[in-house]
Amino acid sequence: MTIAQPASSFDADDTAPLLRATDVSRFYGDRVGCAGVTFDLWPGEVLGVVGESGSGKSTLLRCLAGLDPPTGGRIVFEVPAGPVDIYSLSEQDRRRLMRTAWGIVHQNPRDGLRMDITAGGNVGERLMDRGDRHYGRIRAAASDWLGRVEIDPARIDDRPRDFSGGMQQRLQIARVLVSEPRLVFMDEPTGGLDVSVQAKLLDLLRVLVRDLGLAAVIVTHDLAVARLLTDRLMVMKDGAVIESGLTDQVLDDPQAAYTQLLTSAVLTV
Amino acid sequence: MSTMTTMINVDGISKAFTLHNQGGVRLPVFTDVSFKVEAGEALVLAGPSGIGKSSLLRLLYGNYRPTAGRIEINHSGRLLDIVSATPRRVLEVRRRTLGFVSQFLRVIPRVSTIDIVRDPLLARGVDGATATKRASDILARLNLPERLWQLAPATFSGGEQQRVNIARSFVEPAPILLIDEPTASLDTANRDVVVELIAEARKQGSTIVGIFHDDAVRARVATRHLAMSDFKSS
Ligand SMILES: Nc1ncnc2c1ncn2[C@@H]1O[C@H](COP(=O)(O)OP(=O)(O)OP(=O)(O)O)[C@@H](O)[C@H]1O
Ligand SMILES: Nc1ncnc2c1ncn2[C@@H]1O[C@H](COP(=O)(O)OP(=O)(O)OP(=O)(O)O)[C@@H](O)[C@H]1O
Ligand SMILES: [Mg+2]
Ligand SMILES: [Mg+2]
Chain A
11 MTIAQPASSF
21 DADDTAPLLR
31 ATDVSRFYGD
41 RVGCAGVTFD
51 LWPGEVLGVV
61 GESGSGKSTL
71 LRCLAGLDPP
81 TGGRIVFEVP
91 AGPVDIYSLS
101 EQDRRRLMRT
111 AWGIVHQNPR
121 DGLRMDITAG
131 GNVGERLMDR
141 GDRHYGRIRA
151 AASDWLGRVE
161 IDPARIDDRP
171 RDFSGGMQQR
181 LQIARVLVSE
191 PRLVFMDEPT
201 GGLDVSVQAK
211 LLDLLRVLVR
221 DLGLAAVIVT
231 HDLAVARLLT
241 DRLMVMKDGA
251 VIESGLTDQV
261 LDDPQAAYTQ
271 LLTSAVLTV
Chain B
42 MSTMTTMINV
52 DGISKAFTLH
62 NQGGVRLPVF
72 TDVSFKVEAG
82 EALVLAGPSG
92 IGKSSLLRLL
102 YGNYRPTAGR
112 IEINHSGRLL
122 DIVSATPRRV
132 LEVRRRTLGF
142 VSQFLRVIPR
152 VSTIDIVRDP
162 LLARGVDGAT
172 ATKRASDILA
182 RLNLPERLWQ
192 LAPATFSGGE
202 QQRVNIARSF
212 VEPAPILLID
222 EPTASLDTAN
232 RDVVVELIAE
242 ARKQGSTIVG
252 IFHDDAVRAR
262 VATRHLAMSD
272 FKSS
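Those protein sequence lines, which keep their order, are chains A and B.
Numbering-wise (the numbering used here), the first sequence opens with residue 11 and increments by one.
Numbering-wise (the numbering used here), the second sequence opens with residue 42 and increments by one.
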């Protein structure tokens with residue numbers, strides 16, 4: 011057993027967060043999408059967002075991921091040059107950041123894949139975005155990633171429309187992770203898949219997140235998914251975060267009435 | 042004799058549950074609990090069912106939140122209050138200092154037994170081959186048939202699952218081990234192995250806080266008892 015630890019482990023909180031959300035709100039006319047959301051996310055952390063339908067999870071995720079500007083608040087991302095407010099960037103610079111440093115896994119794989127190009131093309135395209143031009147190397151990397159998400163590399167030239175829903179979702183994950191993003195956003199990544207396919211995908215995500223040291227924000231309505239994949243949890247209701255903390259704390263010793271209702275509605279998580 | 046090192050300092054903690062969806066009823070469990078655990082001790086929490094033993098253990102792990110009080114954990118030589126620590130800091134303390142051995146195994150359905158046991162080693166940077174070797178050794182000691190090692194434990198018997206859980210927790214014992222009824226569904230032979238594993242962990246420097254329903258096990262493990270009835274909330 012090792013008792014000795016690096017002194018730096020004490021200074022864990024002194025490293026800069028990768029993502030800082032401060033008082034993020036988005037309104038649709040009079041309707042609240044999300045309101046007053048504040049949190050920090052550090053490298054390697056997986057943050058879950060749970061809450062009932064309409065509570066603002068997707069709205070928040072889309073703001074964080076650079077897809078929709080918030081009505082109020084700031085989203086600051088740490089790049090090598092220092093922290094940047096992502097919505098102060100030009101559209102073009104923000105898109106570049108999203109392609110290179112971030113990944114977005116959509117609930118519906120059709121939103122994240124190009125259905126008209128091959129599986130290999132879907133994965134390889136992200137490397138070309140990054141400036142890679144060596145065909146042999148791109149194809150080898152694509153083939154490697156298909157294997158990692160358990161798609162037979164022999165299917166590299168097939169189009170995603172010939173794949174099952176679970177395979178499409180795995181292909182989407184390969185497309186997102188091949189460019190080695192530092193931060194990944196996922197909206198219900200296992201929604202719409204049957205339970206055994208979900209289990210497989212969850213295991214895959216867990217291993218990839220650990221091996222690549224990714225930070226991630228994962229929206230899910232499934233508390234079992236949150237338990238398995240996330241370190242921290244935010245519970246949303248009516249657009250606001252009503253409780254947050256370590257995932258096991260929030261699920262095992264929920265403080266808010268609403269969280270107690272959520273956790274008691276499921277048999278075992 | 043060198044001076045004692047405090048590993049856990051519990052200072053005036055109380056715990057009550059408020060059940061908001063059951064008329065807001067308040068369930069007080071205990072009030073104003075204070076005690077210390079020094080390095081090398083094996084403190085056993087004692088008292089009747091429902092007195093709050095598991096709740097206290099979960100508080101020490103940062104899993105439950107106290108209603109009042111502080112819980113300092115010796116993390117790499119410094120006392121750190123786990124109650125007020127950020128989630129990120131609590132995770133760091135768990136990764137390096139605190140291990141929790143629960144009665145039940147909770148894992149992703151598809152992961153094989155050997156990988157479940159290897160996982161804490163890999164997370165601490167041990168290389169793959171060494172991790173496999175050490176995981177195999179401890180599974181063998183716990184008499185888990187080798188034909189089960191490549192299978193996911195979802196279909197295992199209660200006792201088999203419990204042994205996987207113990208293997209996972211003791212393959213690289215944490216400096217502070219919190220143990221809740223680890224031998225509940227084990228036969229005598231395997232119970233003995235668990236007692237040995239606890240003794241070995243202590244020899245390697247682990248401090249233990251545990252709950253053991255079995256009198257014989259308790260007698261062999263404990264260096265001191267904490268009577269929970271002394272803290273009963275009225
Ligand atoms: N484009 C939009 N225009 C108007 N209102 C919207 C729009 N998108 C979302 N809303 C509203 O904002 C609120 C939050 O919606 P959001 O999609 O973020 O919820 P959610 O938590 O992701 O729900 P679900 O679990 O059902 O996906 C809802 O009241 C929704 O009707
Ligand atoms: N998450 C929770 N929410 C509400 N009440 C809880 C929770 N956890 C424990 N309790 C209550 O706290 C009290 C103490 O329970 P605890 O499990 O700590 O007892 P114990 O001493 O470990 O008992 P046993 O020996 O039966 O395991 C019980 O009344 C229990 O119902
Ligand atoms: Mg949504
Ligand atoms: Mg108990």
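All C-beta atoms, glycine included, are put in the ideal place defined by N, C-alpha and C.
From a predicted model like this one, the values you see are computed outputs, not experimental measurements.
Taking all protein chains shown into account, B:Tyr102 has 16 or more neighbouring C-beta atoms within 10 Å of its C-beta and is therefore buried.
At a beta-carbon threshold of 7 Å, none of the residues of chain A lie near B:Arg265; the nearest stands roughly 22 Å away.
Secondary structure note for A:Asp121: it is in no beta strand (DSSP E), and the uninterrupted alpha helix (DSSP H) holding it is Pro119 to Gly122. By alpha-carbon distance to A:Glu198, the top candidate from A:Arg30, A:His144 and A:Val227 is A:Val227. In the three-state scheme derived from DSSP, where H, G and I count as helix and E and B as strand, A:Ser254 is classed as strand.
Scanning its chain for C-beta atoms nearer than 8 Å, with the 5 sequence neighbours on each side dropped, one finds around A:Pro191 the residues Thr110, Ala111, Trp112, Gly113 and Leu224, in chain order. Ligand 2 has no heavy atom closer than 6 Å to the beta-carbon of B:Gly65. Distances between the C-beta of B:Ser96 and the heavy atoms of ligand 2 include at least one below 6 Å.
A check of alpha carbon separations from B:Gly110 across B:Asn50, B:Pro214, B:Arg265 and B:Thr44 identifies B:Asn50 as the nearest.
The Cβ atoms of B:Thr154 and B:Leu189 lie closer than 7 Å to each other.
As far as DSSP is concerned, B:Val152 takes part in no beta bridge. Chain A has a Cβ within less than 7 Å of the Cβ of B:Asn62. Excluding residues up to 5 positions away in sequence, Glu79 and Ala80 lie with their Cβ nearer than 8 Å to the Cβ of B:Met45 in the same chain.
With its beta carbon at least 7 Å from every one in chain A, B:Pro161 lies outside the interface. Beyond the five residues adjoining it in sequence on each side, B:Leu139 comes within less than 7 Å, by CB distance, of Tyr102, Ile114, Ala215, Ile217 and Leu219 in the same chain, given in chain order.
Put simply, the backbone Cα of B:Gly53 is about 21 Å away from that of B:Val134. The C-beta distance from A:Arg171 to A:Met125 rounds to 5 Å, short enough to fall under 8 Å.
Selection A:Pro93, A:Asp103 and A:Thr32 evaluated against A:Cys73 yields A:Thr32 as nearest (Cα-Cα).
Residue-level contact check: A:Gly255 touches chain B, since one or more beta carbons of chain B fall below 7 Å from its beta carbon.
Residue contact with chain A for B:Leu100: absent (no Cβ-Cβ distance below 7 Å to any residue of chain A).
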